[in-house]
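Presented below is the structure to which this report refers.
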Amino acid sequence: MPSWAQAPASPEPTRIALRAARLFDGKSDRVLADAVMLIEGSRIQAVGTGLSIPSGARVIDLGDVTLLPGLIDAHSHLLLEVDTESGGDSLIATVAQRSTAERALLGAKLGREMLEAGVTTVRDLGNSGLNGDVALRDAIQRGWVQGPRISACTRALAPHGGQFPTLQPPAQALIEQEYVTISGVEAARRAVRQAISDGADCIKVIVDNGHNLLSLEELKVIVEEAHRKKRPVAAHTTTDESIRIAVQAGVDSVEHAYSLPDDVLAPMARKRIFMVPTEGPMDACDSFDAKTGNVERCRKLIAKAHDHLRRAVTAGVRLAAGSDMYVVMPGLTRGQASVKSFSAYAEAGLKPVDVLRAATVNAAELLRMQDQIGSLEPNKLADLLAVEGDPLKDIGALKQVRFVMKDGQVVLDARSQKERVDESTR
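Residue numbering for the sequence shown follows my numbering, starting at 11 and increasing by one per position.
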């Protein structure tokens, strides 16, 4: 074979040494001071203090920041955006008026915003049209666009009607654009198999939708079939009855926990079922018009959610962080709004270290990706961010993102020009 026809040699993996004043690895209760992290290619090689830096490595001295694992949003909706202030698209209007292709392009924009806020992985739980989340996931994996690593659920499985209001018969075809409706055990089994065939990494189930409720038998088959193919199951529940069915069936996570009766707490802890709280911080209520009474209603709902979270933690239920962000928040990118929502856990009384774990190691375990992401240790993927201040003292430090890396590639470097040392001379 002539030399010009031979495959080019693979380039040597890039070696990077990161320096930072502090490092939180995702597992310890404290930060590591004067930290050095060695990265080769896409993976972490070593983490410690005073590590010897290999010859030829690119040195990035981040200064007075805290390095921490890339954040994980375990309940995202990248292909959905509702602008409540301008009376913009509702869910049903989005499905009726926007193609899946258009929504995937929106997802590329919002995904980039998530990444720049330090969210390097998301579990996208439906509301993405006909497999638009899979298309976006694959585009990011192929390097066509920049965005977070996506665990995609495809269309959510749901009782008849999906999550739409009652629709006239001519409009009911819209439901199957967004949901796979279930009626019977074998239909449930087929739906899981179809989702996996479509590329699902996880299965999202709407257990109840206000007027219909999946049966325990249907949900057990969904869980059984998903687990047989090693896919976790996320359950959207809103009532005491639906959360009891979900827990009894053995789902992997309960989303929102709008209803949380005392009798489900012990089995959730015993079965290691995660709770993914999604209520935002209390100041989210300030955007409502006080004259309508919506501010007070909002605050009562969030206070109730705080109570649910505290009761769950006391009972030993594990938490994974999820934003459920799909609304335009004025002045904030999708990423900034999603990360801000995690501060609600601190408002409920969680220690900052437990909030960080919910958004790193716990969420990684829920996604069944704990061998790849969620902590800063050797052989894990180099997904990380650096923030000003110390988030173990003040979770608000997560708003001050200075540096983001995913798969060993620098995504964001917000240091000033003065702070950037000419690394080629070091």
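All residues carry an ideal CB built from backbone N, CA and C; glycine is no exception.
If you're wondering where the values come from, they're calculated on a predicted model, not measured in any experiment.
When E228, V132, A315 and V69 are compared, the shortest CA-CA separation from S269 is found for A315. For the pair P287 and H237, the CB atoms are not nearer than the 9 Å cut-off. T191 counts as buried, since no fewer than 16 other beta carbons sit within 10 angstroms of its beta carbon.
For T59, there is no enclosing alpha helix (DSSP H); the residue is found in the beta strand (DSSP E) stretching over R53 to T59. Boundaries of the alpha helix (DSSP H) around S348: R344 to S351. Residue burial annotation: N141 is buried, with at least 16 other C-beta atoms found within 10 angstroms of its C-beta. Taking C-beta atoms as the reference points, A322 and A267 count as a pair closer than 9 Å. A358 and A276 have their C-alpha atoms spaced approximately 20 Å apart. With a threshold of 16 other beta carbon atoms within 10 Å, G172 meets it and is buried. Looking only at G153, Q178 and D148, the smallest Cα-Cα distance to D208 is reached by D148.
Taking the Cα positions, V41 is about 28 Å away from S86. Counting of Cβ neighbours within 10 angstroms places S263 among the buried residues, the total reaching 16 or more. Counting along the chain, I82 sits inside the beta strand (DSSP E) bounded by residues L81 to S86. Linking A118 to L146 through their CA atoms gives a straight-line distance of about 7 Å. For T130, the enclosing beta strand (DSSP E) covers residues V129 to D134.
According to the DSSP secondary-structure assignment, K214 is paired through a beta bridge with A244.
Collapsing the DSSP output to three states places R307 in a helix. Here the C-alpha atom of M278 lies approximately 21 Å from the C-alpha atom of M379.
Separation of V155 and D272 (C-alpha to C-alpha, rounded to the nearest whole angstrom) is 45 Å.
Note on geometry: alpha-carbon atoms of P401 and L395 lie some 12 Å from one another. If you draw a straight line from the Cα of K361 to the Cα of G194, it comes to about 44 Å. In its chain, beyond the 5 residues on either side, S52, R53, Q382, I383 and D417 have a beta carbon closer than 7 Å to the beta carbon of L391. Bridge partners of Y189 according to DSSP: A166. Apart from the 5 residues on each side of it in sequence, G406 sits with its Cβ closer than 7 Å to the Cβ of S353 in its chain, given in chain order. One Cα belongs to T110, the other to E188, and the distance between them is close to 10 Å. For S263, the enclosing beta strand (DSSP E) has its first and last residue at S263 to E265. One alpha carbon belongs to R367, the other to R203, and they sit about 32 Å apart. DSSP places V365 inside the alpha helix (DSSP H), whose first and last residues are P362 to A368. Judged by their CB atoms, V105 and G73 are not nearer to each other than the 9 Å cut-off.
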